[in-house]
Structures are given as structure tokens and as C-alpha cells.
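Q: Chain order of the listed sequences is A and B.
Per my numbering, residue 1 is the first one in the first sequence, and the count goes up by one each step.
Per my numbering, residue 258 is the first one in the second sequence, and the count goes up by one each step.
Beta carbons: idealized from backbone N, C-alpha and C, even for Gly.
Once you've had a glance at the structure underneath, I'll fire off some questions.
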Amino acid sequence: MESILTVEQLSVSFTRYSRGLARTELSAVRDLSLTVEPGRVTALVGESGSGKSLLAHAILHLLPRNAQVSGTLLYDGAPLTRDRAETLRGREIALIPQGVTWLDPMMKVGPQVRRGRVDAASRARCREVLDRYGLGPQVEELYPFELSGGMARRVLIACAVMERPRLIVADEPTPGLDVRTAKRILGHFRELAEEGAGVLFITHDLELALTVAHKLVVLYEGQTVEELSPTRFRAGEGLAHPYTRALWHAIPENNFL
Amino acid sequence: MLHRLQFTAKKLVRMALLLLGVSLTAFLLMDASPLDPLQTNVGQAALGAMSPDQVAKLEDYWGVNTPAAERYLGWLSSALRGDLGTSLLYRRPVLEVVGQRLGSSLWLLLFAWAASGALGLAFGLIAGTHRGRWPDRLIRGFCLTLSSTPSFWLALLLLMVFAVWLEVLPIGLSVPIGAAAESVTLAQRLRHALLPALTLSVTGLSNIALHTREKVADVLDSDYILFARARGEGHILRRHVLRNVALPALTLQFASIGEIIGGSVLVEQVFSYPGLGQAAVSAGLGGDMPLLLGITVATAALVFGGNLAADLLYGVIDPRIRRGAART
Numbered sequence: 001m002e003s004i005l006t007v008e009q010l011s012v013s014f015t016r017y018s019r020g021l022a023r024t025e026l027s028a029v030r031d032l033s034l035t036v037e038p039g040r041v042t043a044l045v046g047e048s049g050s051g052k053s054l055l056a057h058a059i060l061h062l063l064p065r066n067a068q069v070s071g072t073l074l075y076d077g078a079p080l081t082r083d084r085a086e087t088l089r090g091r092e093i094a095l096i097p098q099g100v101t102w103l104d105p106m107m108k109v110g111p112q113v114r115r116g117r118v119d120a121a122s123r124a125r126c127r128e129v130l131d132r133y134g135l136g137p138q139v140e141e142l143y144p145f146e147l148s149g150g151m152a153r154r155v156l157i158a159c160a161v162m163e164r165p166r167l168i169v170a171d172e173p174t175p176g177l178d179v180r181t182a183k184r185i186l187g188h189f190r191e192l193a194e195e196g197a198g199v200l201f202i203t204h205d206l207e208l209a210l211t212v213a214h215k216l217v218v219l220y221e222g223q224t225v226e227e228l229s230p231t232r233f234r235a236g237e238g239l240a241h242p243y244t245r246a247l248w249h250a251i252p253e254n255n256f257l
Numbered sequence: 258m259l260h261r262l263q264f265t266a267k268k269l270v271r272m273a274l275l276l277l278g279v280s281l282t283a284f285l286l287m288d289a290s291p292l293d294p295l296q297t298n299v300g301q302a303a304l305g306a307m308s309p310d311q312v313a314k315l316e317d318y319w320g321v322n323t324p325a326a327e328r329y330l331g332w333l334s335s336a337l338r339g340d341l342g343t344s345l346l347y348r349r350p351v352l353e354v355v356g357q358r359l360g361s362s363l364w365l366l367l368f369a370w371a372a373s374g375a376l377g378l379a380f381g382l383i384a385g386t387h388r389g390r391w392p393d394r395l396i397r398g399f400c401l402t403l404s405s406t407p408s409f410w411l412a413l414l415l416l417m418v419f420a421v422w423l424e425v426l427p428i429g430l431s432v433p434i435g436a437a438a439e440s441v442t443l444a445q446r447l448r449h450a451l452l453p454a455l456t457l458s459v460t461g462l463s464n465i466a467l468h469t470r471e472k473v474a475d476v477l478d479s480d481y482i483l484f485a486r487a488r489g490e491g492h493i494l495r496r497h498v499l500r501n502v503a504l505p506a507l508t509l510q511f512a513s514i515g516e517i518i519g520g521s522v523l524v525e526q527v528f529s530y531p532g533l534g535q536a537a538v539s540a541g542l543g544g545d546m547p548l549l550l551g552i553t554v555a556t557a558a559l560v561f562g563g564n565l566a567a568d569l570l571y572g573v574i575d576p577r578i579r580r581g582a583a584r585t
């Protein structure tokens, strides 16, 4: 299958000034490779600090100025340059961020989902996507601080699907949610994939990833160490890297050693 | 609504206590002042030429022989009945003097207040959005220089440049010398108010600009700005930054009333501008207790009113307070 996003040997490092003018290079992501196919959920699993979020920011070209990026980013077969990312983001590529702090605290939900547009078509589309996630018209009049954790996540998903994106990058969208709500949110990702979008689901929660993903990519210390299907992972087959084996053993039913 | 009434009532009680404290402190300071009101106001030579009878009468007039507690309580009880007494220097009711002086200071204060707020906000926005680049460094340098410059020194500098060297603006007073009150035009008044107002606005400006800059920087580093960029939003400055900076800016603006009034005392003195600030100086130096207490209480009330207005506006504008408080 033709992939919508291809990441090859991506590396991200930061330049810092330590002690006077001595510069140090801090390498955060080294050699990260993965592909995202339309209609499928690709889960990138790694522990905190393994550079997961940097990938999301690199795809959208949102990294801070002092970051150096090398490697290849292909979107829909063509290089994803800064200019291209700037025209695509919010239209074809959508980010689903972590939580309520990503919403402007001083703006009501409705205008935020609509990105300030007031035409009838935008209003109708906004109503449609909010309805889809079980958020009634009264939610449009709420401020972010009045939303529960689960509602905020659904509002963020609604923001992402306003424009019918082809690639959805979900960066740790579930922390702080109870398992039922989290599974429900993940169900929405699966739905979006079934409608044809490519979904990149970035998480530290292996079990949640296993429930939703078509493909599992394991990130360890800034590099991808394994790519396999959830069924193979569950069966414990073909786990080449020691870290992946450790992850497998950490799951309770595999009587950890 | 009820919580807001309660809030206002609490604030008003606090205001009464504040005014009591301020008037008492001002009284005690004045009472401890080594200046002899007779010598300052009548003059050493004139005093020497007077008979003991006349001196005793004058001492009675300036209240030299009345015990301090009696004088303060006397002032307080009539003040509570709405009578702030008679100014010893101007021989007119304190309320009248304060009203007239405040009237001529008001435009000065208002202009300085509005200008420092508007310019401070603009400078803060420019610096905050250009963090680390030359506009930011320029504005920060300018603000730090200004805030470490005493306002009276700046006033003297402006006088030297505009009134002495360039001779484009008057050296002092609020109207041309020797002109009849009826013949003074608005343009003339404005010309006289320009330099003092400028000096005064500069005192509040750097504080507002630097605080706004920090807030803009915080907002620009926030997750929601990153998300707005991730969604390809335009007009981020207007839609998100201004909206989130407006509230703290408003608080700063109202809190700066105190600074502006405090600054006006020195600035009016330098420019010989006959406003409230100048009256405060002459009342303090001349031992005019009723007038000084009247001015202190009036300005304390103004400053408190400014802070109260900011608190109340916050409750109206900030949805987190408006809706949050309405729920509980």
C-alpha cells in the first residue's frame, strides 16, 4: 500500500549554549523511521523522553529555532518542506494534542473549533463534527476550563476533523483519562482510519496501543528498534530487540520475568 | 450577582480602614515634622517684630498648642460628618481647594494614564513578539533606562531641551503669565500641559511595557499558540495573544494610577504646575494639616478606586472568574 507519510532516518538535535559560548549538541531523536498508511492506525510506542513528541512537531514543522532536523520526510510521495507543511497543516495534516491546555483559555469552544470563521458552512460543519463526538450545541458556548478531561479530548478531535484531514498525528491524546474514556477516544481514531485517513498515534501506553493499532512501531532512546503487527507482538513472535522483549514481558499475562 | 455585591461590600470596608490608616499616618508624620508652621509661613523677621499677644493668636490659628490626639480626633469627627475643614494656607474649605486643584491636574493625570497604558501595551507587544531581536533589545534598553531615571530629573532635562534651548514650549505654569483667566484658550492650556504630561506618562510606561512583554512571551510559548499554528490559523496575534494579554494589561493599567498620582507630586513641582501634587507639597511644607490630610485621603481613595475598578472589571471580563464564581 502507498504510504501517506514516510519518515526515514529522521534525527533531531538541539544546539545549546552551555557555560559561556561553548555550544553543545543535544541529540534527541536519532534514526527514526516509520511509515503511515491511509486507512490504518500506526502506533509509535516509547517511554517518556524517547523523542516521541518531537516527531509530531517535526512533521508539522513546529520545532523551535534551535532544533536541527535531518533525514527524509515524505508526505504523499513528495518531500514535506516547511512551506508545504505550512500550507498543509490544519487542512490535510491535523494534530491532536495532549489536553485542555492546548485550547485558548479565553475563547469559547465553538469559535475555536471553527478557527474564528463565522460563515454558515463552517458553523454547520462545526455542529456536525461536535455532534459526531456527542457534544451538544451548549458545548460551543463553554470555555475550556468548563470542560471535563474527556470532553476536552473530544473537542480537540473535533478541531482536527473539521477539515477532513488525510493524515492525523495524535500526540499522547489519552493521559489523565480513565480506561473507558480512553478506549472510547481511541475508538474514534480507529473510525477516522476506517474513513480513509492515515493515523499516527503516539503514546507511552503499550496496552492502549495494542487495542487500537494496525501496526506497532517501538521507539527506544530516539531510534526505532522494531516494527511489527499487534498480533505478532501479543504472541511474542519475532521480537528482535531486547527492549521490545522487555516490553512484552512487562505485560501481566506474559508472567514477567 | 450576590457574590459580587459581597465582594464589593468587603472592599468598601477595607477602603474605610485604609483611609483611616492613611490619614492617621499622614497626621503623625506631619506632627513629627520639625518644621515650625509659624516660622515657615510668617517668617522669622516678621515673627520677631510681633507682640506676644499676636504670636499667641497665630499659634492658636496653626494649632501649635492643641494636643495631637485632640487635633486628630477633632479632624476625624468633622471629616466623618463630611466637613474636611478649612485650609490654613488658602483660607478656603479644603474640599474646594482639593476640587479645584484636582480639576486642573485631572487632564494631566488622564492624559499620562492613557498614554502610558497605550504606549506601554504597544511597546510590550512589539518587544514580546520580537523576543531577542533588535526591536526587543531596543525597547527593553529604553524601558530599563527610563525606569532607573528619576522623574524630576527627566522633567528638568525636558525643560532644558524644549523650553530653554529650543524655546518651543513654555517653562512652567498651566496658563501664560499675565493672561486674564477668560482669555486663555484651550490650545494654550494644552501647550502648557504637554511637557508635564509627557514626563508623567514616561514614569508608568516602562513598567507596563516590561510586564506586557513578559506576558506576551508566556502566551507565545503556550501550548495553545502551538496548536493554533499546527492548525494553520492566521491572525494569531489578534485572535489569541491580544485576548490573553488584555486582562493582565488592564490590571497593570489600573494599578498604575497610584504611580501616576505619586509621580505628579514631583513633576508638578518641577513645572510649577498648579495641580493637586503641588498643593500637597505646599501643604506639607507649610504645616497646613487639614489640606494635607484632605489631599492624602482624596488621592488614597482615587488609587483604591482604581484597584477596585480593576478587580470588578476582571470579574466581568474573565470568563473563568465570571462563570466560575457564578457557579459556586
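For a test of the three-state rule: what should DSSP assign to Ser11/A, helix, strand or coil?
A: strand
Q: Leaving out the 5 sequence neighbours to the left and right, which residues in its chain are closer than 7 Å to Ala375/B when beta-carbon positions are compared?
A: none
Q: For chain A, is any of its Cβ atoms less than 9 Å away from the one on Leu570/B?
A: no
Q: Using a Cβ cut-off of 9 Å (strictly closer), state whether Thr181/A contacts chain B.
A: no
Q: List, in order along the chain, the chain A residues whose C-beta lies closer than 7 Å to that of Asp480/B?
A: Residues of chain A whose Cβ lies closer than 7 Å to the Cβ of Asp480/B are, in chain order, Pro97, Thr101 and Trp102.
Q: For a test of the three-state rule: what should DSSP assign to Val217/A, helix, strand or coil?
A: strand
Q: Count the CB pairs spanning the region 37–50 of chain A and the region 197–213 of chain A that are closer than 8 Å, and state whether there are at least three.
A: Counting C-beta pairs closer than 8 Å gives three or more between the region 37–50 of chain A and the region 197–213 of chain A, which meets the contact rule.
Q: Tell me, please, whether the CB atom of His468/B is closer than 9 Å to any CB atom in chain A?
A: no
Q: Please classify Leu44/A: does DSSP put it in a helix, a strand, or coil?
A: strand
Q: By the criterion of Cβ-Cβ separation under 8 Å, what are the contact partners of Asn501/B in chain A?
A: Asp104, Pro105 and Met106
Q: Kindly list, in the order they appear in chain B, the residues whose Cβ is closer than 8 Å to that of Gly90/A.
A: Ala487, Arg488, Gly489 and Glu490
Q: Cutting at 8 Å between CB atoms, please list the residues of its own chain near Leu60/A, excluding the five before and the five after it.
A: Ala85, Arg89, Ile93, Leu95 and Val169
Q: For the candidate residues Gln357/B, Gly305/B and Asp288/B, whose alpha-carbon lies nearest to that of Pro324/B?
A: Asp288/B
Q: Am I right that Pro258/A and Arg153/A are in contact with their C-beta atoms under 8 Å? What's the rounded C-beta distance?
A: Residue 258/A falls outside the range modelled here, since chain A spans only 1 to 257, and no answer is possible.
Q: Please list, in chain order, the chain A residues whose beta carbon lies closer than 7 Å to that of Leu565/B.
A: Ordered by position in chain A, no residue passes the 7 Å Cβ test against Leu565/B, which lies about 23 Å from the chain.
Q: Which residue spans inside the region 403–489 of chain B form an unbroken alpha helix (DSSP H) run of at least 4?
A: 408–415, 443–477 and 480–487
Q: Please report the Cβ distance between Thr456/B and Leu415/B, rounded to the nearest whole angstrom; I am assuming they are in contact, meaning their Cβ atoms lie under 8 Å.
A: 6 Å
Q: Please report the distance separating the alpha-carbon of His241/A from that of Glu253/A.
A: Their backbone Cα atoms lie some 20 Å apart in a straight line.
Q: Could you tell me the boundaries of the alpha helix (DSSP H) in which Ala325/B lies?
A: Ala325 to Leu337
Q: Can you tell me whether DSSP reads Pro97/A as helix, strand or coil?
A: DSSP places Pro97/A in the coil class of the three-state scheme, outside both helix and strand.
Q: Give me the residue from Pro97/A, Leu103/A and Leu62/A with the minimum Cα distance to Asp83/A.
A: Leu62/A
Q: Any Cβ of chain B within less than 9 Å of the Cβ of Gly187/A?
A: no
Q: Identify, in the order they occur along the chain, each residue of the same chain with its Cβ nearer than 8 Å to the Cβ of Gly176/A, setting aside the five sequence neighbours on each side.
A: Gly99 and Gly149
Q: Roughly how many angstroms separate the alpha carbons of Gly562/B and Leu570/B, rounded to a whole number?
A: 12 Å
Q: Using the Cα positions of Leu200/A and Arg271/B, report the straight-line distance between them to the nearest angstrom.
A: Straight through space, the alpha carbons of Arg271/B and Leu200/A are spaced by roughly 57 Å.
Q: Evaluate contact between the region 465–477 of chain B and the region 29–42 of chain A, counting only Cβ atoms and requiring at least three cross-stretch pairs below 8 Å.
A: no
Q: Does DSSP classify Asp31/A as helix, strand or coil?
A: The answer is strand: DSSP assigns Asp31/A an E or B state.
Q: For a quick check, are the C-beta atoms of Thr76/A and Arg166/A less than 9 Å apart?
A: The sequence shown places Asp at residue 76/A, not Thr. In this structure, Arg166/A lies closer than 9 Å to Asp76/A by Cβ.
Q: Taking Cβ-Cβ distances shorter than 8 Å, what residues in chain A pair up with His387/B?
A: Result: empty, since nearest Cβ-Cβ is about 13 Å, beyond 8 Å.
Q: With C-beta atoms as the reference, is Leu365/B less than 9 Å away from Ser521/B?
A: A contact, by the Cβ cut-off of 9 Å.
Q: If you measure beta-carbon to beta-carbon, which residues of the region 154–185 of chain A are closer than 7 Å to chain B?
A: Cys159
Q: Find the residues of chain B that neighbour Arg115/A, judging by a C-beta separation of less than 9 Å, and give them in chain order.
A: Ala485, Arg488, Gly489, Glu490, Gly491 and Arg496
Q: Do His497/B and Ala485/B have their C-beta atoms closer together than 9 Å?
A: Their beta carbons are under 9 Å apart, which means His497/B touches Ala485/B by this criterion.
Q: For Val118/A, which three-state DSSP category applies?
A: coil
Q: When we look at the beta-carbon of Val109/A and count the other beta-carbons within 10 Å, is it buried (16 or more) or exposed?
A: buried
Q: Under 9 Å, Cβ to Cβ, is there at least one residue of chain B near Thr203/A?
A: no
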